[in-house]
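Novice: This is the structure, below, for whatever I ask next.
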Amino acid sequence: GAVVSQHPSRVICKSGTSVKIECRSLDFQATTMFWYRQFPKQSLMLMATSNEGSKATYEQGVEKDKFLINHASLTLSTLTVTSAHPEDSSFYICSARAGVGNQPQHFGDGTRLSIL
Amino acid sequence: ILNVEQSPQSLHVQEGDSTNFTCSFPSSNFYALHWYRWETAKSPEALFVMTLNGDEKKKGRISATLNTKEGYSYLYIKGSQPEDSATYLCAFGAGSTLTFGKGTMLLVSP
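Set out below in C-alpha cells:
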C-alpha cells in the first residue's frame, strides 16, 4: 500500500518551456503533499507544502510564481515550472502523507528535469 | 536553517558485516525523526518514524535508536546483505515538515 506515482520521470526541454509534473497517491488519500528538489550531492530540499483545496505554503527562497503548485484533489498535486531556465535543471520529487504530524511520507520516483 | 548531519557519507562493507550510521539533529523543538531507505532508481521507502527519547524500533535486520536530549539517532543493520545497498536518509521533523540529511550511501559487496 501507500503508492505514489510521479510523472514524467524525465524531461528534457528548451529554455523558456513550462513543465508540468504530476504526483498522484494511488491507494490512499493524501491530506498533504510535499515537493522537494535535490541538486547533486545535496540533501532533499523542501520547496513547498500543499493541502488539498488550499494554497501551497512555499519555503523561503522558492518563488511561487515560478513554481506553481495545484492540489485539486486528495490524490493529485501538480508542480509547474514556468518558463524554465537551465538553472532550474534538477531532480524534483514529491511525497504524500495521509493524516497529520508523525505519519511517514510516501514518495514518488522523482522527475529529472534538464533545461537546455 | 535546521542542520541535519549524517555520517559517514558512504560506507562499503562485505556481506554478513554488521554496520551502523549516525544522524545528528537539533535537540530543541523536537517533533519526530524519520529514517528512509532510497534504492537507486526507486522511491525513498519509509523505515521508521521515531518520536520518544530512548525509543528503539526494529524491522527485520534493521533497527534504530533515538536520543532526543543529545540530538542523535543510530541506524543499525545486522548481517548486511547486498540488497541492503541503498542510501539511508534521516529527516528531522519540527512540525509538519521534514528537514533531510544528505544521507549515508551503503554498498554491500557479496
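First to last, the sequence lines map onto chains A and B. Under our numbering, read the first sequence as residues 1 to 116, first letter to last. Under our numbering, read the second sequence as residues 1001 to 1110, first letter to last. C-beta atoms are modelled at their ideal positions from N, C-alpha and C, and glycine is treated no differently. All of these numbers come straight from a predicted model, not from anything done at the bench.
(1) Grouping DSSP H, G and I as helix and E and B as strand, with all else coil, what is A:E22?
(2) With burial defined as no fewer than 16 other Cβ atoms inside 10 Å of the residue's Cβ, what is the status of B:A1064: buried or exposed?
(3) Which residues of chain B have a Cβ atom closer than 7 Å to the Cβ of A:P40, listed in chain order?
(4) Report yes if the CB atom of B:A1086 is closer than 8 Å to the CB atom of B:W1038, and no otherwise.
(5) For A:G1, which option in A:A30, A:P8, A:L46, A:A84 has the closest C-alpha, if you only look at C-alpha atoms?
(6) Would you mind telling me which residues of chain B sit closer than 8 Å to A:T82, beta carbon to beta carbon, in chain order?
(7) Taking only beta-carbon atoms, is B:V1013 less than 8 Å away from chain A?
(8) Can you pull out the residues from the segment 1023-1035 of chain B whose beta carbon lies closer than 8 Å to at least one beta carbon of chain A?
(9) Could you confirm whether any beta carbon from chain B is found closer than 8 Å to the beta carbon of A:D27?
(10) Short of 8 Å in beta carbon distance, which residues of its chain neighbour A:G16, apart from the five on each side in sequence? Order them along the chain.
Specialist: Looking at the coordinates:
(1) Looking at A:E22 - three-state DSSP - the assignment turns out to be strand.
(2) With 16 or more other Cβ atoms within 10 Å, it is buried.
(3) Per Cβ cutoff of 7 Å: no residues; A:P40 is ~11 Å from chain B at best.
(4) The answer is yes: Cβ separation under 8 Å.
(5) Residue nearest to A:G1 within the set A:A30, A:P8, A:L46, A:A84 is A:A30 (criterion: CA-CA distance).
(6) None at all; the shortest Cβ gap to chain B is about 24 Å.
(7) Output row for B:V1013: interface = no.
(8) Those would be Y1031, A1032, H1034, in chain order.
(9) For A:D27, the answer is no, since every Cβ of chain B falls outside 8 Å of its Cβ.
(10) Here the set comprises S83, A84, H85.
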